[in-house]
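These protein sequences, in sequence, are chains A and B. Under numbering that gives the first Met the number 0, the first residue of the first sequence is numbered 0, with each subsequent residue one higher. Under numbering that gives the first Met the number 0, the first residue of the second sequence is numbered 0, with each subsequent residue one higher. Below is one structure; the comments refer to it alone.
There are 2 protein chains.
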Amino acid sequence: MVKIGILGVGTVGTSVARILKDNADIIEARAGKRIVATHGVVQNTAKDRGVDLIISDDPNDVVENPEIDIVVELMGGVEEPYTLVTRALQNGKPVVTANKALLAYHRYELQALAGEVPLMYEASVAGGIPVIGALRNGLAANHIDSIQGIMNGTTNYMLTKMIDEGVAYDAVLREAQELGYAEADPTFDVGGYDAAHKLLILASIAYGIDAKPEEILIEGIESITPTDVEFAKEFGYAIKLLGIAKKSGDGVELRVHPTLIPQGSMVAKVDGVMNAVSVTGDRVGETMYYGAGAGGDATASAVIADLIEIVRGNTGPMLGYKKGLESGLKLLQPEAIRTQYYLKLKVVDRPGVLAAVTTTLSQQGISIASVLQKPSRIEGHVRLLLTTHECVERDVRSAIEALRSLEVVDDTIAMIRIEA
Amino acid sequence: MVKIGILGVGTVGTSVARILKDNADIIEARAGKRIVATHGVVQNTAKDRGVDLIISDDPNDVVENPEIDIVVELMGGVEEPYTLVTRALQNGKPVVTANKALLAYHRYELQALAGEVPLMYEASVAGGIPVIGALRNGLAANHIDSIQGIMNGTTNYMLTKMIDEGVAYDAVLREAQELGYAEADPTFDVGGYDAAHKLLILASIAYGIDAKPEEILIEGIESITPTDVEFAKEFGYAIKLLGIAKKSGDGVELRVHPTLIPQGSMVAKVDGVMNAVSVTGDRVGETMYYGAGAGGDATASAVIADLIEIVRGNTGPMLGYKKGLESGLKLLQPEAIRTQYYLKLKVVDRPGVLAAVTTTLSQQGISIASVLQKPSRIEGHVRLLLTTHECVERDVRSAIEALRSLEVVDDTIAMIRIEA
Numbered sequence: 000m001v002k003i004g005i006l007g008v009g010t011v012g013t014s015v016a017r018i019l020k021d022n023a024d025i026i027e028a029r030a031g032k033r034i035v036a037t038h039g040v041v042q043n044t045a046k047d048r049g050v051d052l053i054i055s056d057d058p059n060d061v062v063e064n065p066e067i068d069i070v071v072e073l074m075g076g077v078e079e080p081y082t083l084v085t086r087a088l089q090n091g092k093p094v095v096t097a098n099k100a101l102l103a104y105h106r107y108e109l110q111a112l113a114g115e116v117p118l119m120y121e122a123s124v125a126g127g128i129p130v131i132g133a134l135r136n137g138l139a140a141n142h143i144d145s146i147q148g149i150m151n152g153t154t155n156y157m158l159t160k161m162i163d164e165g166v167a168y169d170a171v172l173r174e175a176q177e178l179g180y181a182e183a184d185p186t187f188d189v190g191g192y193d194a195a196h197k198l199l200i201l202a203s204i205a206y207g208i209d210a211k212p213e214e215i216l217i218e219g220i221e222s223i224t225p226t227d228v229e230f231a232k233e234f235g236y237a238i239k240l241l242g243i244a245k246k247s248g249d250g251v252e253l254r255v256h257p258t259l260i261p262q263g264s265m266v267a268k269v270d271g272v273m274n275a276v277s278v279t280g281d282r283v284g285e286t287m288y289y290g291a292g293a294g295g296d297a298t299a300s301a302v303i304a305d306l307i308e309i310v311r312g313n314t315g316p317m318l319g320y321k322k323g324l325e326s327g328l329k330l331l332q333p334e335a336i337r338t339q340y341y342l343k344l345k346v347v348d349r350p351g352v353l354a355a356v357t358t359t360l361s362q363q364g365i366s367i368a369s370v371l372q373k374p375s376r377i378e379g380h381v382r383l384l385l386t387t388h389e390c391v392e393r394d395v396r397s398a399i400e401a402l403r404s405l406e407v408v409d410d411t412i413a414m415i416r417i418e419a
Numbered sequence: 000m001v002k003i004g005i006l007g008v009g010t011v012g013t014s015v016a017r018i019l020k021d022n023a024d025i026i027e028a029r030a031g032k033r034i035v036a037t038h039g040v041v042q043n044t045a046k047d048r049g050v051d052l053i054i055s056d057d058p059n060d061v062v063e064n065p066e067i068d069i070v071v072e073l074m075g076g077v078e079e080p081y082t083l084v085t086r087a088l089q090n091g092k093p094v095v096t097a098n099k100a101l102l103a104y105h106r107y108e109l110q111a112l113a114g115e116v117p118l119m120y121e122a123s124v125a126g127g128i129p130v131i132g133a134l135r136n137g138l139a140a141n142h143i144d145s146i147q148g149i150m151n152g153t154t155n156y157m158l159t160k161m162i163d164e165g166v167a168y169d170a171v172l173r174e175a176q177e178l179g180y181a182e183a184d185p186t187f188d189v190g191g192y193d194a195a196h197k198l199l200i201l202a203s204i205a206y207g208i209d210a211k212p213e214e215i216l217i218e219g220i221e222s223i224t225p226t227d228v229e230f231a232k233e234f235g236y237a238i239k240l241l242g243i244a245k246k247s248g249d250g251v252e253l254r255v256h257p258t259l260i261p262q263g264s265m266v267a268k269v270d271g272v273m274n275a276v277s278v279t280g281d282r283v284g285e286t287m288y289y290g291a292g293a294g295g296d297a298t299a300s301a302v303i304a305d306l307i308e309i310v311r312g313n314t315g316p317m318l319g320y321k322k323g324l325e326s327g328l329k330l331l332q333p334e335a336i337r338t339q340y341y342l343k344l345k346v347v348d349r350p351g352v353l354a355a356v357t358t359t360l361s362q363q364g365i366s367i368a369s370v371l372q373k374p375s376r377i378e379g380h381v382r383l384l385l386t387t388h389e390c391v392e393r394d395v396r397s398a399i400e401a402l403r404s405l406e407v408v409d410d411t412i413a414m415i416r417i418e419a
């Protein structure tokens, strides 16, 4: 029998304990041993979790307990779980974590600390979808060209509503909060930070890159308007909050932002709270992994998959590399991103204005792919919606500054990146 | 250094040797050791394969060669590779195979033979998509409710053309043959046998079921007509050749057949030569795995993933079970399948005919979900297109017999199964 201690018995922890019991037959057949959750650590010991665990509020009852074979960390936060996971690993206890923030900040320290002790984290990215296994094992023969992931269900739900039903951002956020899909303070989700944590984990496996959230481009969906949605539909795009990792020369772009993608692409077809990660390898081409990115049972499914693999003896290398990469790729600065752009301008409705705008863009080396002029609600103004051919972010940012300085262009220029 | 011998150096074998060389840096970093293809066995040693292997026409030069660490079997066929894989395993050499026919017939014997020697087969199902790993490891906490897979690119290409462009079966088959997507004798693909072999492999991992191709329902796409395609589009369905494994009570349905599925489902959105496997677990819900199901490099990507896992020491249990299942599920007979059905009848255009048809169906306990009557090319006749609510295949077969015996109904009744 393998005994599990769970740090943090909330929605996911409760599901882990319950599934280990309810599906004990099949889990034992697959793992070769019975796996039982015996201990749980919580802040409030008074609350009934409905599961049969020895509950305590002292993490030492798990990480320092010689009876516990494997530690499951589901606390959230960064520094406290880091301390506890460190302690468990030092005690030789394998650890399974679903904590993306912990890994976004400390995955390399933890890899070094763990050494030969298994540290598994399938549940940290895209919930129940086994995308860590796919990337680390299934695609290991490939240099990874790119990853595009819908890795946050809250924002995908909101964007789907905005596109399918024309609901505006504020209204759809309220609705998502009422349904429990969005938190009271939704910043972590709508601001793109949750997706960024997950992206960093995938980027380490794909490229061996040690980047921190602060170093990469992160933009949320807060400023997407019905005009953007209309434009997207008219030009055959979906709008998705994507985590993107992309090889570009000998560097890697890492970025999270709302993205216009062609409606025909597989990722564009993923709607509602569902997640999907598309991975393109140099040999396998595009592959995609789809499923529930959150929820107690789905996340617990991934946690228990890791437990089974540990019991089977199949683990590591934690971040996918047995040896250092001889020629590692470096993180590209956000200014060096190369992609296509959509720009939304409000301009004075007067002859010569379009010429002034296009001249300014071409002076910055930016070539226009399409233009759409629409009436504005403000009299004497029109909306100018443009898309560019591929260009460098630095140039686009300069161009936006230059456009703002034109007398005929309003200050509020919006920009959304496009991926083919 | 790990030395690989390849049995069968065709398209996939050449790709394996080439990728091991071209991506040697990343493969060594991920596996921890350099993996090199050194020997190849072919029938015609005169032909240049463009890869740097010691070529021979004697399989013993690989399976009995003490220098070879791992054997890769890419010969095709059943009995010859079975003998050779057996020999390699008996010699303690791990084996990686992409041979679905071999596994469809001998996976349980091979599992017993292999014992602790790794026998891996990621490439045998859905080419480059790491669906074996996902199902065996990533979803191991789940009882599997169902699997729906587009596991044959030839037929998916053909059906996509038939639906998108209205091309008839014979014309699209000729086109697929010209493009190299279909063989001169296309039976293995269009008849559903290729998909059936793959389904049986997945069913073993999902349910521990030892079934042979002869025991399951296999229907091909040969009799799909433009009328069926039109009906599907009108009623919001796609037509896909699916491999389906589905828990039903304490049994499992295993079947391959053209299937009407709602256009909104993820599997319906997979077009052209691409493959996708949707797996629904009792805890994780629906997950889907998408990518290239064939092609030298994509298949080689999966073969090399297995080699890397063997070198890392992460393998098995081969079919996903360390122990026998205490309460294994049994294969349901095709007659016991429960699903919805589409029926296409040609009937005499006369009052009372629809009543006769519907009465006959209701006498067999079959309840009608929708009816569409269309003009027929034959004067005095009409086409009657029906869908049923869920019912048992046995009853549908009896009903079709009963309908055939009606004077007003033409003999050629077509039936396509529907999955929600």
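Where a beta carbon is used, it is the ideal one built from N, C-alpha and C, also for glycine.
Your pair Glu334 (chain A) and Arg393 (chain A) checks out as a contact, with CB atoms roughly 4 angstroms apart and the cut at 8 angstroms. Annotation for Thr279 (chain A): Asp144, Ser145 and Glu285 place their beta carbon closer than 6 angstroms to its own, counting only its chain and skipping 5 residues before and after. By the rule that beta-carbons nearer than 8 angstroms mark a contact, Lys20 (chain B) does not touch chain A. Shown here, Asn274 (chain B) sits in a strand according to DSSP, grouped into three states. Counted as a single uninterrupted DSSP element, the alpha helix (DSSP H) harbouring Asp60 (chain B) occupies residues Asn59 to Val62. Shown here, Ser375 (chain B) sits in coil according to DSSP, grouped into three states, outside any helix or strand. If you keep only unbroken beta strand (DSSP E) runs of at least 3 residues inside the stretch 336-419 of chain A, you get 337-347, 367-374, 380-387 and 413-417. Interface residue (Cβ-Cβ distance to chain B less than 8 angstroms): Ile208 (chain A) is not classified as such. With a threshold of 16 other beta carbon atoms within 10 Å, Val370 (chain B) falls short and is exposed.
The stretch 282-308 of chain B is shown to contain whole beta strand (DSSP E) runs of 3 or more residues at 284-291, in chain order.
In this structure Ala111 (chain A) is exposed. Its beta-carbon is surrounded by fewer than 16 other beta-carbon atoms within 10 angstroms. Not a single C-beta of chain A is nearer than 8 angstroms to the C-beta of Asn151 (chain B). Counting the other Cβ atoms within 10 Å of the Cβ of Asn22 (chain A) gives 16 or more, which makes it buried.
Within the stretch 108-133 of chain A, contact with chain B at the beta-carbon level (separation under 9 angstroms) is assigned to Glu121, Gly126, Gly127, Ile128, Pro129, Val130, Ile131, Gly132 and Ala133. Considering only beta carbons, no part of the stretch 171-205 of chain B lies closer than 7 angstroms to chain A. Segment contact: the stretch 362-369 of chain A against the stretch 398-411 of chain A, three or more CB-CB distances shorter than 8 angstroms; contact assigned.
Per the Cβ contact rule, the stretch 199-217 of chain B is not in contact with the stretch 258-275 of chain B (fewer than 3 Cβ pairs under 8 angstroms). Among the residues of chain A, those whose CB is under 7 angstroms from the CB of Ile303 (chain B) are Ala140, following chain order. In this structure, A:Arg376 is the residue among A:Gly319, A:Ser366, A:Lys321 and A:Arg376 with its C-alpha nearest to the C-alpha of Lys345 (chain A). In the three-state reduction of the DSSP assignment, Gln110 (chain B) falls in the helix class. Pro212 (chain A) and Gly219 (chain B) have their C-alpha atoms some 51 angstroms from each other.
Taking a beta-carbon distance threshold of 8 angstroms, Val283 (chain A) counts as an interface residue toward chain B.
With its beta carbon at least 8 angstroms from every one in chain A, Ile243 (chain B) lies outside the interface. Here Gly379 (chain A) is not near Leu241 (chain A), since their CB atoms are 8 angstroms or more apart. Contact annotation, Glu308 (chain A) with Asn136 (chain B): C-beta distance approximately 6 angstroms; criterion of less than 8 angstroms satisfied. Three or more beta-carbon pairs separated by less than 8 angstroms link the stretch 305-322 of chain B to the stretch 307-323 of chain A, which places the two stretches in contact. CA-CA distance, Ile67 (chain A) to Ile131 (chain A), rounds to 26 angstroms. In chain order, Glu27, Ala28 and Gly31 make up the part of chain A whose C-beta sits under 7 angstroms from the C-beta of Lys322 (chain B). Shown here, Leu118 (chain A) sits in a strand according to DSSP, grouped into three states. For chain A, the residues of the stretch 266-278 of chain B that bring a beta carbon within less than 7 angstroms of one of its beta carbons are Lys268, in chain order. In this structure, DSSP gives Gln147 (chain A) an extended state, which the three-state scheme calls strand. For Ala195 (chain A), the enclosing alpha helix (DSSP H) has its first and last residue at Tyr192 to Tyr206.
Interface with chain B (8 angstroms Cβ-Cβ cutoff): Met287 (chain A) is included. Judged by beta-carbon spacing, Val276 (chain B) lies beyond the 8 angstroms limit of Ile417 (chain B), meaning their Cβ atoms are not closer than that value. DSSP, read as helix, strand or coil, puts Thr13 (chain A) in helix. In the three-state reduction of the DSSP assignment, Glu78 (chain A) falls in the helix class, which pools H, G and I.
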